[in-house]
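Q: Note that the sequence shown ends on residue 377 in this note's numbering; no numbers are left out. Where a beta carbon is used, it is the ideal one built from N, C-alpha and C, also for glycine. Dropping a structure here in structure tokens format, bear with me for questions.
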Amino acid sequence: MIGGGISGVFIAYELLNRGVRDITIVDSSYPGCGATFRNMGCFRSSFTSVEHVILMKKSIEEWIKLSRKLGFKLKQNGYLWVARRDETVETFKKLASFHNQYGVPSRVLEPSEVKSVEPKLNINIISGAMFDPTAGRMDILEVFTKLYLELRKRGVKFLNYTKAEKLISDSEKIRSVKTSRGILEADVFIVAAAEGSREILSSIGVRLPIDPMPRHPIVTEPYSEVIKPALIIDWDTPGSPHITQTEHGSLILARDIADSPGLPLNSHRFDAFHLVIKPLYELLPFLSLVNIERYWMGYYDMTPDHHPIYGPVEPYSNLYVATGFSGHGMMMAPATGIIIADWVLEGKPRISIANNLTLTRFKEGKLVKELAVVG
Numbered sequence: 003m004i005g006g007g008i009s010g011v012f013i014a015y016e017l018l019n020r021g022v023r024d025i026t027i028v029d030s031s032y033p034g035c036g037a038t039f040r041n042m043g044c045f046r047s048s049f050t051s052v053e054h055v056i057l058m059k060k061s062i063e064e065w066i067k068l069s070r071k072l073g074f075k076l077k078q079n080g081y082l083w084v085a086r087r088d089e090t091v092e093t094f095k096k097l098a099s100f101h102n103q104y105g106v107p108s109r110v111l112e113p114s115e116v117k118s119v120e121p122k123l124n125i126n127i128i129s130g131a132m133f134d135p136t137a138g139r140m141d142i143l144e145v146f147t148k149l150y151l152e153l154r155k156r157g158v159k160f161l162n163y164t165k166a167e168k169l170i171s172d173s174e175k176i177r178s179v180k181t182s183r184g185i186l187e188a189d190v191f192i193v194a195a196a197e198g199s200r201e202i203l204s205s206i207g208v209r210l211p212i213d214p215m216p217r218h219p220i221v222t223e224p225y226s227e228v229i230k231p232a233l234i235i236d237w238d239t240p241g242s243p244h245i246t247q248t249e250h251g252s253l254i255l256a257r258d259i260a261d262s263p264g265l266p267l268n269s270h271r272f273d274a275f276h277l278v279i280k281p282l283y284e285l286l287p288f289l290s291l292v293n294i295e296r297y298w299m300g301y302y303d304m305t306p307d308h309h310p311i312y313g314p315v316e317p318y319s320n321l322y323v324a325t326g327f328s329g330h331g332m333m334m335a336p337a338t339g340i341i342i343a344d345w346v347l348e349g350k351p352r353i354s355i356a357n358n359l360t361l362t363r364f365k366e367g368k369l370v371k372e373l374a375v376v377g
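Below is the structure:
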């Protein structure tokens, strides 16, 4: 396994549960160091594509089971999508109907009803909202640590600070991987290394259409609970500003700001403060009393259609990929584990809609569009 983030460890966990014992996870740094630990820890199935709704719904079911098994906290306090315009409320009605078809109980709220979900919201500037009660959040550090320790206890080997530099292949199979610590041989190779997946697969001439797009979250000092839902999203403001509150009380505010892919993580943007805070302050006036503690950068590893790339990598019979989650890798990780383990051990995924998300879709022009790329 190349990549020790949440996707890689979940794939390993699922393979372990099905009897695979000799698993090695190679990571260029330490487990979880990339997008996993720069994550809000939120989850939902209220998306705009059938693929995302079905896969995320399965992930939530698995997250709930795992929280009981490993003993971590998981809170289903919902996502609140806020509409400033009347026409957006009509869009929300269509989306809620779409969600309901697949068992996701999203519902549209009048402004007066929004107060019951988030009492501090300024309902004078909104036309309504959509609420997904099955969405929620968790402490990603607690979750990842418990999953990591479970894998270690059951014999998974972690080669940290070991860079996978080149895949070595013949015409049909990957034979080994050249790393900064030497050559590693295996029967099966799985690449789940976020934007690093692009570099390692390019060593065998496979192009992954992934761009690491910068994100600029702002973190406040801790407060007692001031945000009721797991996430509040300002749908009508460009970039969909959004806010969550962590288990430790800090607020995280973020927004999609147009930027160049692959900028170094120290490429700070001072305009992010105004762009992120102003629209959220309009919705939540109490933010005028909040003190900012820090600001950092992370990446969404974006594909052209904002869906992950799953499954076999042609023409190799023992190479699989799970990457390009476009900001949703953590929430999707349990489904990712199931899907990739299915492909490795059974030759096809039991969740058949995952077949729509293989690398071949880009060559065939069968992209699957997702509009709700946030949180």
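1. Could you check which residue in A335, G349, I341, Y225 has the C-alpha nearest to that of G34?
2. Here's the rule I'm using: 16 or more other beta-carbon atoms within 10 Å means buried, otherwise exposed. How should Y378 be labelled?
3. From the DSSP output, which residues share a beta bridge with C44?
4. Given a threshold of 16 other Cβ atoms within 10 Å of its Cβ, counted over all protein chains shown, does A260 qualify as buried or as exposed?
5. Pairing CB atoms from the segment 228–248 with CB atoms from the segment 83–92, are three or more of them under 8 Å?
6. Below 8 Å on the Cβ atoms is my guess for L233 versus H244; work out the distance and round it to an integer in Å.
7. What is the residue span of the alpha helix (DSSP H) that I13 lies within?
8. Please classify E348: is it buried, with 16 or more other beta-carbons within 10 angstroms of its beta-carbon, or exposed?
9. Taking the Cβ atom as the reference point for each residue, do A374 and F49 lie within a distance shorter than 7 Å?
10. In the DSSP assignment, find the unbroken beta strand (DSSP E) run with W83 in it and report its ends.
11. Quick check: what's the CA-CA separation for R296 versus K175?
12. Whose C-beta lies closer than 6 Å to the C-beta of A356 among residues of the same chain, with five residues either side of it excluded?
13. Which runs of the beta strand (DSSP E), 3 residues or longer, sit entirely within the segment 156–185?
14. Helix, strand or coil for E53? Go by DSSP, reduced to three states.
15. Does DSSP put K67 in a helix, in a strand, or in coil?
16. Alpha carbon to alpha carbon, what distance is there between L151 and L289?
17. Taking the Cβ atom as the reference point for each residue, do T444 and S182 lie within a distance shorter than 7 Å?
18. For a test of the three-state rule: what should DSSP assign to R276, helix, strand or coil?
19. Between the beta-carbon of A131 and the beta-carbon of V116, is there less than 7 Å?
20. Would P214 be called buried (16 or more neighbouring beta carbons within 10 Å of its own) or exposed?
21. Between V145 and F74, is the Cβ-Cβ spacing less than 7 Å?
22. Please report the straight-line C-alpha distance between S205 and K168, rounded to a whole angstrom.
23. Could you name each continuous beta strand (DSSP E) segment of 3 residues or more that falls completely within the segment 287–374, going from the start of the chain to the end?
24. Grouping DSSP H, G and I as helix and E and B as strand, with all else coil, what is T147?
25. For a test of the three-state rule: what should DSSP assign to G264, helix, strand or coil?
26. Just to confirm, is the Cβ distance from A188 to A324 under 7 Å?
27. What do you reckon, are the CB atoms on P231 and N124 nearer than 7 Å?
28. Should N19 be labelled buried (16 or more other beta-carbon atoms within 10 Å of its own) or exposed?
29. Would you call the segment 39–48 and the segment 10–29 touching, i.e. three or more CB-CB distances under 8 Å?
30. Assuming V370 and S51 form a contact by the criterion Cβ under 8 Å, report the distance between their Cβ atoms to the nearest whole angstrom.
31. Report the three-state DSSP secondary structure of Q103 (helix, strand or coil).
32. Ordered along the chain, which non-local residues of its own chain (more than five positions away) have a Cβ less than 7 Å from that of V208?
33. Provide the residue(s) that pair with T77 in DSSP beta bridges, ordered along the chain.
34. Which first and last residues belong to the beta strand (DSSP E) in which L111 is found?
A: With the given structure in hand:
1. Here residue 34 refers to the residue found at position 32 when the sequence shown is read from its first residue. When C-alpha distances from G34 are compared across A335, G349, I341, Y225, the shortest belongs to A335.
2. As displayed, the chain neither begins before 3 nor continues past 377, which places residue 378 out of reach and without an answer.
3. Your numbering for residue 44 matches position 42 in the sequence shown. DSSP lists R139 as partners of C44.
4. Working through the sequence shown from its first residue, we reach residue 260 at position 258. Classification for A260: exposed.
5. The segment 228–248 makes contact with the segment 83–92: 3 or more CB pairs, one atom from each, lie closer than 8 Å.
6. Reading the sequence shown from its first residue, position 231 is the one you call residue 233. Reading the sequence shown from its first residue, position 242 is the one you call residue 244. Going by Cβ atoms, the distance from L233 to H244 rounds to 6 Å, so yes, they are a contact pair.
7. Taking the sequence shown and counting its residues from 1, the one referred to as residue 13 is at position 11. Its alpha helix (DSSP H) spans residues 8–19.
8. Indexing the sequence shown from 1 puts residue 348 at position 346. E348 is exposed by the Cβ-count criterion.
9. Locating residue 374 in the sequence shown gives position 372, where the first residue counts as 1. Locating residue 49 in the sequence shown gives position 47, where the first residue counts as 1. Yes, Cβ-Cβ distance for A374 and F49 is below 7 Å.
10. Numbered from its first residue, the sequence shown carries residue 83 at position 81. That run of the beta strand (DSSP E) goes 81–85.
11. Here residue 296 refers to the residue found at position 294 of the sequence shown. Here residue 175 refers to the residue found at position 173 of the sequence shown. Each residue's Cα considered, the two are about 47 Å apart.
12. The residue labelled residue 356 in the question sits at position 354 within the sequence shown. Same-chain partners within the cutoff: Y312, I341.
13. 159–161, 166–171, 176–181
14. The sequence position of residue 53 within the sequence shown is 51, counting from 1. E53 falls in the helix class under three-state DSSP.
15. By one-based count along the sequence shown, residue 67 stands at place 65. Correct three-state label for K67: helix.
16. For this step, residue 289 is matched to residue 287 along the sequence shown. For this step, residue 151 is matched to residue 149 along the sequence shown. Roughly 38 Å separates the two Cα atoms.
17. Nothing can be reported for residue 444, as the shown portion of the chain is limited to 3 through 377.
18. Counted from its first residue, the sequence shown places residue 276 at position 274. According to the sequence displayed, residue 276 carries His and not Arg. In the structure shown, H276 sits in a helix (DSSP, three-state: H, G or I).
19. What you label residue 131 is simply residue 129 of the sequence shown in a count that begins at 1. What you label residue 116 is simply residue 114 of the sequence shown in a count that begins at 1. Contact: yes.
20. Residue numbering aside, residue 214 sits at position 212 when the sequence shown is read from its first letter. Per the 10 Å Cβ criterion, buried.
21. Mapped onto the sequence shown, residue 145 falls at position 143. Mapped onto the sequence shown, residue 74 falls at position 72. Taking 7 Å as the Cβ cut-off, V145 and F74 qualify as a contacting pair.
22. Start at 1 with the first residue of the sequence shown, and residue 205 comes out as number 203. Start at 1 with the first residue of the sequence shown, and residue 168 comes out as number 166. Taking the straight line joining both Cα atoms gives about 5 Å.
23. 294–297, 300–304, 311–314, 321–325
24. Sequence index remark: in the sequence shown, residue 147 carries index 145 (1-based). Note: T147 maps to helix in three-state DSSP.
25. Position 262 of the sequence shown, counted from the start, is the residue given in the question as residue 264. Coil at G264, not helix or strand.
26. Mapped onto the sequence shown, residue 188 falls at position 186. Mapped onto the sequence shown, residue 324 falls at position 322. No. Outside cutoff.
27. For the purposes of this step, residue 231 is identified with residue 229 of the sequence shown, where counting begins at 1. For the purposes of this step, residue 124 is identified with residue 122 of the sequence shown, where counting begins at 1. For P231 and N124, no; Cβs fall outside 7 Å.
28. Indexing the sequence shown from 1 puts residue 19 at position 17. Exposed: under 16 other Cβ atoms inside 10 Å.
29. no
30. Taking the sequence shown and counting its residues from 1, one reaches residue 370 at position 368. Taking the sequence shown and counting its residues from 1, one reaches residue 51 at position 49. About 6 Å separates the two Cβ atoms, so the contact holds.
31. By one-based count along the sequence shown, residue 103 stands at place 101. Three-state result, Q103: helix.
32. In the sequence shown, the residue the question calls residue 208 occupies position 206. If we look at V208 and ignore the five residues flanking it on each side, its Cβ neighbours are V315.
33. By 1-based counting over the sequence shown, the position of residue 77 is 75. Note on identity: in this sequence residue 77 is Lys, with Thr being the wrong assignment. In the DSSP output, where bridge partners are listed per residue, K77 has R139.
34. Mapped onto the sequence shown, residue 111 falls at position 109. Run containing L111: 109–111, per the beta strand (DSSP E) assignment.
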